[in-house]
Amino acid sequence: MLHDQSMSRSCQNSGLDNRRTESRTKTDREVLIAWHHAPDQGARYGVVNESQGGCLITSTVPLIEGMTGMVLGRIPAKGHRHSSLVVAWSRPVDGTWHVGLRYLS
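Take any residue in the sequence shown, count from 1 to its spot, add 9: that is its number in this note's numbering.
Here it is, written out as structure tokens:
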């Protein structure tokens, strides 16, 4: 029998490491995301900064940790690749929400 808590500890260094160790690039671009719970409905979010492993977006509503989705595009479109992602955290900041996204692919 497998125990998921022990498995998560053994997989901690799998490339999904804390993105704080990667350099971040500030940007004013937007990202278009289709959440897996509503795949036919894309939502646009402003991107504050981005790194190889994820990005920080702003949202008018909190997003739930663990939500998964797919990046459908970037505005303006530049070097885009479709990326699976997960919401790592969400917290209120000055009347809006800052949401940390981690790229899975």
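Quick reminder that beta carbons are idealized off the backbone N, C-alpha and C, glycines included. Predicted, not measured: the structure shown is a model, and the values here were computed from it.
- Ranking Gly104, Ser92 and Met79 by CA distance to the CA of Gly51 puts Met79 first.
- In the DSSP assignment, the residues bridged to Val96 are Leu110.
- Taking His107 as reference, the option from Leu113, Leu81, Ser114 and Ile73 with the minimal CA-CA separation is Ile73.
- Pro101 sits in a strand when the DSSP states are folded into three classes.
- DSSP, read as helix, strand or coil, puts Gly63 in strand.
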